[in-house]
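>
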Amino acid sequence: MTRSRSNPQVYKVLELYADEAALKHHGGTEYFKAAGPKMGPCMGGRPEIEYLDGV
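Heads up, the sequence shown is in the numbering used here, so the first residue is 3 and it goes up one at a time.
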């Protein structure tokens, strides 16, 4: 997790997966499904998800 220097209210999480299948597996796990409702009250809105390619 990182926090923006220009806006301390903005946090970003960077995750790395071996492949698309690993990403889909993570999203389908019970712990991931349970985390959303628990994190929701701590967030200022819906998260913005950006997919990046490593170089």
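Glycine included, every Cβ here is placed at the ideal spot set by N, Cα and C. As the structure is a prediction and not an experimental result, all values here were calculated from the model.
Can you tell me whether DSSP reads residue 19 as helix, strand or coil?
Three-state result, residue 19: coil.
> Cα separation between residue 2 and residue 25?
Nothing in the structure corresponds to residue 2, since the chain is present only between 3 and 57.
> When DSSP labels each residue in this structure, what does residue 33 get in the three-state scheme?
The answer is helix: DSSP assigns residue 33 an H, G or I state.
> Can you give me the C-alpha to C-alpha distance between residue 27 and residue 5, rounded to a whole angstrom?
One C-alpha to the other measures close to 27 Å.
> Leaving out five residues before and five after residue 15 in sequence, what residues of the same chain have Cβ atoms less than 6 Å from its Cβ?
Here the set comprises 3.
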